[in-house]
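Below is one structure, written out as structure tokens; the observations come after it.
In the working numbering, the protein residues as written are 252 to 419.
Printed below as a string of structure tokens:
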């Protein structure tokens with residue numbers, strides 16, 4: 252598995268990967284989450300143009316997973332990690348996270364951050380195994396607070412969520 256920057260013509264495929272990955276939420280009673288919106292194309296274009304969208308590609312150079320990130324309050328914030336179910340459980344998500352950590356290290360960015368569901372096995376428990384630790388509310392930066400507020404507007408606060416941080 253190789254990781255590279257996403258190409259602009261692959262952006263609709265990223266939406267398909269995210270949609271397929273979100274189907275797994277149905278199995279744990281989070282159908283509303285699974286039916287939620289995927290990253291809009293204009294947002295994916297922004298990640299692409301900023302060089303902040305990476306894909307894990309198969310032997311034929313076709314994306315099977317992706318990660319998007321933003322700069323938030325001096326850290327690299329993981330916005331989305333999605334692995335197509337046909338490629339799940341092979342360490343691809345972890346590879347993408349490690350790639351993001353390497354990019355952060357090169358840019359002298361001190362940490363990765365993310366927001367995630369606490370009770371979903373492939374969310375907070377998984378990220379904990381990848382070296383992320385939950386942040387207390389008083390540790391949240393202004394940018395992370397703003398992101399949490401935006402998530403609440405989208406209805407994501409219906410499920411227990413947390414911000415997590417991993418030094419690089």
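Glycine included, every Cβ here is placed at the ideal spot set by N, Cα and C.
Whose C-alpha, out of the options, is nearest the C-alpha of residue i?
{"i": "residue 397", "options": "377, 371, 365", "result": "365"}
{"i": "residue 252", "options": "401, 379, 339", "result": "339"}
{"i": "residue 394", "options": "287, 273, 328", "result": "328"}
{"i": "residue 351", "options": "304, 324, 325", "result": "304"}
{"i": "residue 264", "options": "400, 410, 318, 278", "result": "318"}
{"i": "residue 266", "options": "356, 324, 278, 287", "result": "287"}
{"i": "residue 280", "options": "372, 310, 357", "result": "372"}
{"i": "residue 358", "options": "322, 387, 341", "result": "322"}
If I'm right that residue i touches residue j with Cβ under 8 Å, what's the distance once you round it to whole angstroms?
{"i": "residue 333", "j": "residue 316", "result": "6 Å"}
{"i": "residue 336", "j": "residue 275", "result": "7 Å"}
{"i": "residue 290", "j": "residue 331", "result": "6 Å"}
{"i": "residue 348", "j": "residue 254", "result": "Not a contact, Cβ separation roughly 10 Å."}
{"i": "residue 353", "j": "residue 410", "result": "Actually they are not in contact, since the Cβ atoms of residue 353 and residue 410 sit about 31 Å apart, beyond 8 Å."}
By Cβ distance, which residues of its chain are closer than 7 Å to residue i, with the 5 residues on each side in sequence left out?
{"i": "residue 367", "result": "374, 375, 378, 412, 413, 415"}
{"i": "residue 271", "result": "335, 336"}
{"i": "residue 326", "result": "360, 361, 362, 363, 364"}
{"i": "residue 320", "result": "303, 327, 328, 329, 330, 351"}
{"i": "residue 345", "result": "381"}
{"i": "residue 355", "result": "327, 363, 419"}
Tell me which residue opens and which closes the alpha helix (DSSP H) that residue i is part of.
{"i": "residue 270", "result": "262-273"}
{"i": "residue 327", "result": "No alpha helix (DSSP H) holds residue 327; the beta strand (DSSP E) holding it covers 326-334."}
{"i": "residue 403", "result": "393-404"}
{"i": "residue 375", "result": "375-380"}
Identify, in the order they occur along the chain, each residue of the same chain with its Cβ nearer than 8 Å to the Cβ of residue i, setting aside the five sequence neighbours on each side.
{"i": "residue 268", "result": "314, 315, 316, 317, 333, 334, 335"}
{"i": "residue 402", "result": "366, 408, 412"}
{"i": "residue 343", "result": "252, 307, 315, 316, 334"}
{"i": "residue 388", "result": "none"}
Using a Cβ-Cβ cutoff of less than 6 Å, which residues in the same chain neighbour residue i once the five nearest sequence positions on both sides are dropped?
{"i": "residue 308", "result": "253, 314"}
{"i": "residue 301", "result": "none"}
{"i": "residue 324", "result": "392, 394"}
{"i": "residue 299", "result": "257, 259"}
Please report the residue range of the beta strand (DSSP E) in which residue i lies.
{"i": "residue 411", "result": "Segment: none, residue 411 is in no beta strand (DSSP E) and carries neither H nor E."}
{"i": "residue 361", "result": "Counting along the chain, residue 361 falls outside any beta strand (DSSP E), and DSSP gives it neither H nor E."}
{"i": "residue 321", "result": "314-323"}
{"i": "residue 301", "result": "It is not in any beta strand (DSSP E) - residue 301 instead sits in the alpha helix (DSSP H) that spans 292-301."}
Practice task
May I ask you to verify whether the segment 402-418 touches the segment 371-388, counting CB pairs closer than 8 Å and requiring at least 3?
Solution key: yes
Practice task
Answer yes if the segment 256-265 comes into contact with the segment 288-300, meaning at least three C-beta pairs across the two stretches below 8 Å, and no otherwise.
Solution key: yes
Exercise for the section: Decide yes or no for the touch test of the segment 347-363 against the segment 405-413: beta carbon pairs closer than 8 Å, at least 3 of them. Expected result: no
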